[in-house]
């Protein structure tokens with residue numbers, strides 16, 4: 001039996017569960033809430049490192065409130081999160097509120113999208129994407145072997 005580690009969308013506790021149990025009904029061992037919320041989690045200094053350590057790929061949208069393309073892309077990010085979680089986890093990180101994290105990853109243009117697995121960057125790209133291209137990019141990258 002293969003185990004995967006991922007975070008709870010509510011209390012951010014790391015949970016280890018059988019790979020075949022990564023469905024919408026999986027619950028956190030600590031807070032007993034559903035592990036997967038089907039919506040992006042807000043990345044913060046207090047939870048970001050835990051979020052990206054997941055064995056399940058995590059896509060992070062680095063954005064800012066003053067960025068027009070970021071605001072246009074937000075509904076696309078939300079829709080894809082609803083479709084693809086729990087296969088892929090979704091995090092939004094406000095680069096103004098979390099400047100230290102944005103600096104750590106040398107974010108120079110926004111929106112920037114990064115896909116992590118096990119704390120490692122699998123892929124990144126800058127700029128907003130139409131829904132179909134975003135989904136295609138996610139699925140092709142997330143399907144890459146560990």
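In UniProt numbering, the protein residues as written are 1 to 146.
Cβ atoms here follow ideal geometry from the backbone N, Cα and C, with glycine treated the same way.
Query raised in the report: residue 87: which of 70, 74, 20 and 104 sits nearest, CA to CA?
Result: Taking the Cα of residue 87 as reference, the smallest distance to any Cα among 70, 74, 20 and 104 is reached at 20.
Query raised in the report: Quick one: any contact between the segment 40-60 and the segment 5-15, if contact means 3 or more CB pairs under 8 Å?
Result: Output reads yes: the segment 5-15 touches the segment 40-60.
Requested in this report: Measure the C-alpha to C-alpha separation of residue 104 and residue 84 and round it to an integer number of angstroms.
Outcome: Straight-line Cα distance between these residues: approximately 27 Å.
Report task. Kindly give me the distance between the Cβ atoms of residue 64 and residue 94, rounded to whole angstroms, as I take these residues to be in contact under 8 Å. Result -> Yes, they are in contact, since the Cβ atoms of residue 64 and residue 94 sit about 7 Å apart, within 8 Å.
**Report entry** Spatial distance of residue 27 from residue 68 (CA atoms)
**Finding:** A direct Cα-to-Cα measurement between residue 27 and residue 68 gives close to 36 Å.
**Report entry** Among 4, 73, 58 and 33, the one whose alpha carbon lies nearest that of residue 128
**Finding:** Nearest C-alpha to residue 128: 73.
Query - Segment limits, beta strand (DSSP E) that includes residue 18 - result: Per DSSP, residue 18 belongs to the beta strand (DSSP E) from 14-18.
**Report entry** For residue 88, three-class secondary structure by DSSP
**Finding:** Coil, per DSSP.
Query raised in the report: Hey, which unbroken runs of the alpha helix (DSSP H) at 4 residues or more fall wholly within the UniProt domain "Thioredoxin" (13-143)?
Result: Qualifying alpha helix (DSSP H) stretches, in chain order: 48-52, 68-84, 99-104 and 131-142.
Query - residue 61 vs residue 111 beta-carbon contact at 7 Å - result: Yes, Cβ-Cβ distance for residue 61 and residue 111 is below 7 Å.
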